[in-house]
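> Here it is: the structure, laid out below.
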Amino acid sequence: MQRIAIKTSRRTELVDITRRIQEVVQQSGVKSGICVVYVPHTTAACTVNENADPDVARDILATLADLIPESGNYRHIEGNADSHIKATWCGQSETLIIEDGRIQLGRWQGIFFCEFDGPRSREVWVKVVPTG
Amino acid sequence: MQRIAIKTSRRTELVDITRRIQEVVQQSGVKSGICVVYVPHTTAACTVNENADPDVARDILATLADLIPESGNYRHIEGNADSHIKATWCGQSETLIIEDGRIQLGRWQGIFFCEFDGPRSREVWVKVVPTG
Amino acid sequence: MQRIAIKTSRRTELVDITRRIQEVVQQSGVKSGICVVYVPHTTAACTVNENADPDVARDILATLADLIPESGNYRHIEGNADSHIKATWCGQSETLIIEDGRIQLGRWQGIFFCEFDGPRSREVWVKVVPTG
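This is the structure we're talking about:
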């Protein structure tokens, strides 16, 4: 398992980590297999979506903020109940396919770390599973 | 990795791909392992849910349309911001368990391709990982 | 594949299954790999979130109930359309990383079974995939 350090700069933010995940896979030397990207936090997540137009990430965050407002009728008293709920919305892991020594992504896809309670120092864990 | 071609016929639609995924697993000859189903698009997704009553799929799509309307206060100018957000809601991959040469599903479960910006020609990628 | 039996006691409920999943991994003897946790139901799911403050689970369930009410304009006539939609929100599987013979979790993370149409007798399926 490899650990990637991430420094976020806003309360909510999508950080493109595609290149850093590809580097882990390339350094593993695995040509065919799968790659698990795992976020060990309860107020952050990861997702795959478009990395061509940054407005897509902005629209995802704005819609999430409308549906799950920061100030709501929450019992969790740390002021980040919305962050926990958004994390469960997006999910803590992505499982990706490796062929030819690289993660296979669609033309417009990038891998994003989703910060929902920043700014913070965060980690992403990456596990490469070879096949054949 | 195997590629499955899918032709969707509506803007939003859940397409049952259970049988086609089972065929890929059977052709692989793998008896025990896992199967990663991956959608290489940013306005489509996959999910597992009931395939007995088609009203379940209809209710999922209708509820998503209520929560994430097609016309909203979006910045992404291609008119499909809602499609990107729905894709992140559902997720781009499913990881399934293989035993006895077949994907193990619950009694009422089917695997669905989720179209959120169709009709289009789409792909699903399938990777089989054997164990033991 | 190992099966874990779960008995839920309310209509919606998050049940902490972290210890039981860790036991399956330890009994497998696998030191390094991944672990797939799979829910074979269409009105239940699994997620990873905070297990220190039970108010986090309560806030997740309350927010889901606000967004996807039990009584809505649904076509599915069994009275649990909301349960199916919540299941797709949370997802049917989690993929976790194993090192040193244990699932690696963040400091505040626990693995939860999400009941959305209980009380019922349920199952969780666990598959351990060794690497190297």
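Top to bottom, those sequences are chains B, H and C. When we follow the working numbering, the leftmost residue of the first sequence carries the number 3, and every step to the right adds one. When we follow the working numbering, the leftmost residue of the second sequence carries the number 3, and every step to the right adds one. When we follow the working numbering, the leftmost residue of the third sequence carries the number 3, and every step to the right adds one. We treat Cβ as the ideally placed atom computed from N, Cα and C, and that holds for glycine. Predicted model only: the values in this text are computed from it and were never measured.
1) Please compile the residues from chain C whose C-beta is within a distance smaller than 7 Å of the C-beta of GLN111(H).
2) Do you know how far the Cα of ALA46(B) is from the Cα of CYS37(C)?
3) Would DSSP call ILE19(H) helix, strand or coil?
4) So which residues of chain B does VAL58(C) contact, with C-beta pairs closer than 8 Å?
5) Return yes when the Cβ of GLY112(B) is within less than 8 Å of the Cβ of ASP18(B), no when it is not.
6) Can you tell me whether ARG124(H) is buried or exposed, with buried defined as 16 or more other CB within 10 angstroms of its CB?
7) So if DSSP puts ARG5(B) in a beta bridge, which residue, or which two residues, is it bridged to?
8) Relative to the C-alpha of SER95(H), which candidate in GLY120(H), ILE70(H), TYR40(H), ASN53(H) has its C-alpha closest?
9) Tell me which residues share the same chain as ASP102(B) and place their Cβ nearer than 7 Å to its Cβ, disregarding the 5 neighbours each side in the sequence.
10) For CYS92(C), go through chain B and note every residue whose CB falls closer than 9 Å to its CB, in chain order.
11) Here's the rule: buried if 16 or more other CB atoms are within 10 angstroms of the residue's CB, otherwise exposed. What is ASN82(B)?
12) If the cut is a Cβ gap below 8 Å, which residues of chain H does GLU117(B) touch?
13) By how many angstroms is the C-alpha of LEU16(H) removed from the C-alpha of LEU107(B)?
14) DSSP three-state label for VAL38(H), please.
15) Suppose the cutoff is 7 Å on Cβ atoms and the five residues either side in sequence are ignored; what does the same chain contact list for LYS9(H) look like?
16) Which residue wins for smallest C-alpha separation from ASP61(H), given the options LYS88(C), GLU52(C), THR49(C)?
17) Measuring only between beta-carbons, confirm whether ASP61(H) sits less than 8 Å from chain C.
18) Between which two residues does the beta strand (DSSP E) holding ILE99(H) run?
19) Taking the DSSP output, what are the residues bridged to ILE113(B)?
20) Please list, in chain order, the chain C residues whose beta carbon lies closer than 7 Å to that of LYS129(B).
21) Taking 8 Å as the threshold (C-beta atoms), are ILE105(C) and GLN4(C) in contact?
22) So, is ALA54(B) buried or exposed, given that buried needs 16 or more other C-beta atoms within 10 angstroms?
23) Can you give me the start and stop residues for the alpha helix (DSSP H) that HIS217(C) sits inside?
24) I'd like the span of the alpha helix (DSSP H) that includes THR65(H), first residue to last.
25) How would you label GLY120(H), buried or exposed, when you count the other beta carbons within 10 angstroms and need 16 or more for buried?
26) Using a Cβ-Cβ distance cut-off of 8 Å, determine whether LEU69(B) contacts chain C.
27) Looking at TRP110(H): is its Cβ nearer than 8 Å to the Cβ of THR44(C)?
28) Give the interface partners of VAL50(H) over in chain C, defined as CB-CB distance under 7 Å, in chain order.
29) Residues of chain H with a CB under 9 Å from the CB of PRO121(C): which are they?
30) For chain C, check one thing: does any of its Cβ atoms lie closer than 8 Å to the Cβ of ASP18(H)?
31) If I measure Cβ to Cβ from VAL26(B) and keep anything under 6 Å in the same chain, skipping five residues before and after, which residues do I get?
32) Within 8 Å of any Cβ in chain H, is that where the Cβ of GLN24(B) sits?
33) Going by the CB atoms, is the gap between HIS78(C) and ASP57(H) shorter than 8 Å?
34) Assign SER11(H) to one of two classes, buried (16 or more other C-beta atoms within 10 Å of its C-beta) or exposed (fewer than that).
35) Let me know if ALA7(C) comes out buried or exposed under the rule of 16 or more other beta-carbons within 10 Å of its beta-carbon.
36) Judging by CA-CA distance, which residue of ARG13(H), ALA59(H), VAL131(H) is the nearest neighbour of ILE100(H)?
This is what the structure gives:
1) Proximity of chain C to GLN111(H) at the Cβ level (cut-off 7 Å) is accounted for by PRO42, THR44, in chain order.
2) 21 Å
3) The answer is coil: DSSP assigns ILE19(H) none of H, G, I, E or B.
4) Think of a sphere of 8 Å around the beta carbon of VAL58(C): the chain B residues whose beta carbon falls inside it are THR44, HIS78, ALA83, HIS86, in chain order.
5) The criterion of a C-beta distance shorter than 8 Å is satisfied by ASP18(B) and GLY112(B).
6) buried
7) TRP127(B)
8) TYR40(H)
9) LYS33
10) Residues of chain B whose Cβ lies closer than 9 Å to the Cβ of CYS92(C) are, in chain order, THR90, TRP91, GLY93.
11) buried
12) Those do not exist, as GLU117(B) stays about 14 Å from chain H at its closest Cβ, beyond 8 Å.
13) 22 Å
14) strand
15) Shown here for LYS9(H): same chain residues with a beta carbon closer than 7 Å to its own, the five before and five after excluded, namely SER123 in chain order.
16) LYS88(C)
17) yes
18) 95-101
19) VAL50(B)
20) ILE36, ILE99
21) no
22) exposed
23) Limits of chain C in this structure are 3 at one end and 134 at the other, which puts residue 217(C) out of reach.
24) 56-69
25) buried
26) Yes, because at least one Cβ of chain C sits closer than 8 Å to the Cβ of LEU69(B).
27) yes
28) Those within 7 Å of VAL50(H) in chain C are GLN94.
29) Neighbours of PRO121(C) on chain H: none; closest Cβ ~18 Å, over 9 Å.
30) no
31) GLN4, VAL128
32) no
33) Yes, the pair counts as a contact, with Cβ atoms nearer than the cut-off.
34) Exposed, by the Cβ-count rule.
35) exposed
36) Closest by alpha carbon: VAL131(H).
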